[in-house]
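Residue numbers (the working numbering): 4 to 1042. Just so you know, even glycine gets a beta-carbon here, dropped at the ideal spot from N, CA and C. The structure appears right after this line, and notes come after that.
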């Protein structure tokens, strides 16, 4: 490329690449002989480092007149996308980050402050716009301090990059020899912007290095670069560490950067630490170097990473130890003969609890490499368990970071905890491909990262733990809750517009995760396994190391269908002349989902679609539905006669037709048959039948439920309760379905939607007199089952009931759920067992070491005992929580949640106060406290009052983040009356300016409260009448 002025710099040839840059001809920096001699000594070491760590290609840059650095505060200028003014312009692209960080924990260093960090960034950028650029715009949070002389922009050249390699020789505005660009620095704190306005326009194709010195604080925010700590159980000394959490927009709190996901670039990081500490980063460690100016300290220089988004950057400084897998080793993607190094890091006292996770990791990596036909591309993978971590886990490329309970398992951990670790590890490993290798270009399509990973996590766990049947349980664990959350008036489209930082924070919700996973499951079943997998493999091959959009996924899936053999005449993979993009458009672009109404009439089957809403009566002029949305609905189905001829048809989820218009009419051979639509509930929609069809299906369940597959039974219960709650089906139909359960239903799965539906009725009756009536029905439903699920008598044995030896994992989880329901519904035998079990625990000489309560049932036993126990018991549990933080971190959540079960309002308020005070309850566990308290009879009444009274403190401590959203939602859980709704609206109006991302959560809470009020008006009389009859009828349940 030639520069317009035709000088010798135009002879310098360059092309940036994704990996490294290599030198072409000399040029770009010009030294007089005197200046060269003076500078040589200072940069020799830096040049050697540059040669060692990487070689670069440089593009020509236009010469600029150096100008003094000016700074100002103001509004951002330049081109911003999406109309909100908060997207960075695309005219300048990052090529490479060279980052030095020197964090100081509690180890003193001369002239440096404890719990702070100093950084130096050399960011190579390329001018991508044909018209050139008049500025370089970065993100830098207000918490980063940048001195007045801390920014320098220079033309890229070997010398500039050599200077970037050295902490001591890092240039500033007074550094000679570099060809500097005059810039004016303008910061806009409200938008975290750092704009470097240039005097003369930067030419297209020019490469520049942006040098920035900055400082920050290692605080307790759990975002950006922050501190954490733990207490050594042996020495009782407090140990400090530093770690990171960058997603979604927190990298700008750690260093200046282009903090948007589609700005991908390689990172080369050097981090200083004391000799006693270990340092981790995304890439493998290259070498270490003592710091002569700070004895006992050294630099850790890491290899250059693959190109990645800033939200995936991670590093940590700890005194942890690590373990490695004992068995499987994985070869690298590259043909270099090496292996992938897998290590799990944790504080020494709990490190052994990571054994299950570290052994699981290579097997899951191998599964995904095979599934996507792309092997894991990095040389190493570290899993790091941190005492304080806001998210459950984070998929940083090459350095996964977890909360301790999400990665570590006690030797006696129950199967539920084991499943939680396996699912979390599988989810984060799925992200190494879905999100890291192929990255959603912007947060409006976050579901391509999160929903896809949530869907694939089940397949991975099924691969390593096949008896758990995760993909079969997807229906009740993920799909059914997702349908519930996506049916409210204030739901959003899965690919809704995302502009502001608040929008980004709110995008991490069940719509992105759960609905995204459900839509992929629906598509998988519609297209067939072979076509789906072939399309996904092509998607990964085409877009690896690149950004993506949903259209880039739909295209290879469409091609995979078109190149596949045609299906048999009974099935339709896609509607005629239709692409996957056309099929999926409404599913991702429209909020909510349809209900398909199925009516048998005159030998015909008539299917119609309309949008499903939990409160359809709430439609009004502000949300018109004069032109209702239409979806492409895959129709899998079977009739009674077909199922009797061939039972396998009940499992065939391939579509036999597509409902693309308002109405579809199909022929039906036997008009008196029952019919089932949406087999296995693979489609993301509800199905409502004519009342006679519901009657036939209900009779089938009472007569012989085994004739219908487990998934069908679970689907019928789920749909029936949802339809009844929306006023589309009499509650009598849904409630009648439950009567077959005690005597006929021996599989755990159908119980889940039944209990969820009955629990929904109870939730509408919070603090209402009629709650007692429905509680009695629940007791009648559950009491006969107690002997089947009852734990061992704690007075005679500390071991679990013998039935555990011959039961599946799903049955064990179901048993724990049934015990929980029995105790919460005050089944006498359950409450008695819980109190005696906890009492026996209190009698142990060392209750922090010996706990006779079965691990799977501890949460239930603790809560039940605390709710009716004395203040001494509450104090005992509080001490167990404090002690668990040292060695039994996997038990902290169950103990902390149980403390919220207290019947003493003063202790409930005390627990909430401790959660927002510095000290006993870690910031990451605050959500556990509020979530537990919001759902409890006594603490729930305290939460909203506490939130109102202490809002300024709460908002100041946590800001308008996801934790605060959770607090608002849980605070509204026990609100039930019109006056409560008025109070909630008044709170919203009073604090509107400080709500930020919490506003959506508040709107959801208000809608739930309105639903409760309206539900009681519309449905309580019929439900009450049915329940009274059921309690009087001794033969109500099927035998």
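Which residue's Cα is closest to the Cα of residue i: the options?
i	options	result
residue 500	510, 784, 1013	510
residue 355	345, 381, 327	327
residue 416	181, 897, 1002	897
residue 1019	689, 855, 773, 863	773
residue 559	549, 477, 239, 542	542
residue 433	452, 681, 669	452
residue 178	155, 197, 186	155
residue 1043	657, 606, 480, 925	Limits of the chain in this structure are 4 at one end and 1042 at the other, which puts residue 1043 out of reach.
residue 168	127, 142, 110	127
residue 490	689, 633, 662, 574	689
residue 1084	608, 687, 859	This structure gives no information on residue 1084, because the portion of the chain shown stretches from 4 to 1042.
residue 737	360, 90, 1025	1025
Taking Cβ to Cβ, would you say residue i is nearer than 8 Å to residue j?
i	j	result
residue 385	residue 411	no
residue 200	residue 138	yes
residue 135	residue 206	yes
residue 599	residue 612	yes
residue 320	residue 276	yes
residue 211	residue 159	yes
residue 748	residue 1029	no
residue 789	residue 841	no
residue 231	residue 343	no
residue 1038	residue 493	no
residue 785	residue 828	yes
residue 404	residue 414	no
If you run the structure through DSSP and keep just helix, strand and coil, what is residue i?
i	result
residue 232	strand
residue 430	helix
residue 221	coil
residue 995	helix
residue 210	strand
residue 547	coil
residue 518	helix
residue 1034	helix
residue 826	helix
residue 146	coil
residue 866	helix
residue 953	coil
residue 1023	helix
residue 942	helix
residue 988	helix
residue 361	helix
Less than 8 Å between the CB atoms is what I'm expecting for residue i and residue j, so what's the real figure, rounded?
i	j	result
residue 946	residue 989	17 Å between Cβ atoms; not a contact.
residue 233	residue 350	5 Å
residue 516	residue 457	5 Å
residue 123	residue 216	6 Å
residue 730	residue 619	7 Å
residue 920	residue 932	In fact, because the Cβ distance is near 12 Å, the residues do not count as touching under 8 Å.
residue 683	residue 643	Actually they do not touch by this definition, with Cβ atoms about 17 Å apart.
residue 258	residue 214	With 8 Å as the limit, residue 258 and residue 214 do not qualify as a contact, their Cβ atoms being about 13 Å apart.
residue 184	residue 157	7 Å
residue 771	residue 392	Their Cβ separation, rounded to whole angstroms, is 39 Å, which puts residue 771 and residue 392 out of contact at 8 Å.
residue 575	residue 610	At roughly 14 Å, the Cβ-Cβ gap does not stay under 8 Å, so residue 575 and residue 610 are not in contact.
In this structure, what does DSSP give as the bridge partners for residue i?
i	result
residue 200	138, 187
residue 100	126, 270
residue 405	388, 396
residue 612	599
residue 120	106, 219
residue 275	302
residue 155	214
residue 247	228
residue 661	637
residue 443	551
So, is the C-beta of residue i closer than 8 Å to a C-beta in chain D?
i	result
residue 646	No chain D is part of this structure, which consists of one protein chain only.
Confirm the yes/no value for this check: CB of residue i, any heavy atom of the ligand ADP, distance under 7 Å.
i	result
residue 656	With respect to the ligand ADP, the structure offers nothing, as it holds no ligand at all.
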